[in-house]
Amino acid sequence: MWFNYGLVDEFMSEWLIRKQELANKEITENEYLEWKLNWPDTRDDCGKFVSHKKWHN
Numbered sequence: 233m234w235f236n237y238g239l240v241d242e243f244m245s246e247w248l249i250r251k252q253e254l255a256n257k258e259i260t261e262n263e264y265l266e267w268k269l270n271w272p273d274t275r276d277d278c279g280k281f282v283s284h285k286k287w288h289n
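Laid out in structure tokens, this is it:
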């Protein structure tokens, strides 16, 4: 599911990964909320780099 709209694409790509991690209990509800509320500072471009703000233990 890609929109070809720059930041929207980046958010949706990473959002899908975070929802899968949440469903698999790899991250907590609080970590997911921290990621979502602080995006784009918490983005890591789907694992390509380290995020500017720590959100995950």
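The sequence shown begins at 233 in this note's numbering and counts up by one. All C-beta atoms in this analysis are idealised placements derived from N, C-alpha and C, irrespective of residue type, glycine included. It should be emphasised that the depicted structure is a prediction, and the values quoted were computed from it without experimental measurement.
Considering only the alpha carbon of each residue, which of Y237, G238, D241, W247 lies closest to L269?
Here the closest residue by C-alpha is W247.
Quick check on DSSP: helix, strand or coil for V240? Looking at V240 - three-state DSSP - the assignment turns out to be helix.
With W267 as the anchor, note down where its alpha helix (DSSP H) starts and where it stops. First-last of the alpha helix (DSSP H) with W267: 261–270.
Worksheet item: How many angstroms separate the CA atom of T274 from the CA atom of W267?
Response: The alpha-carbon of T274 is positioned some 6 Å away from that of W267.
Go ahead and pull the three-state DSSP assignment for S245. Here S245 sits in helix by DSSP.
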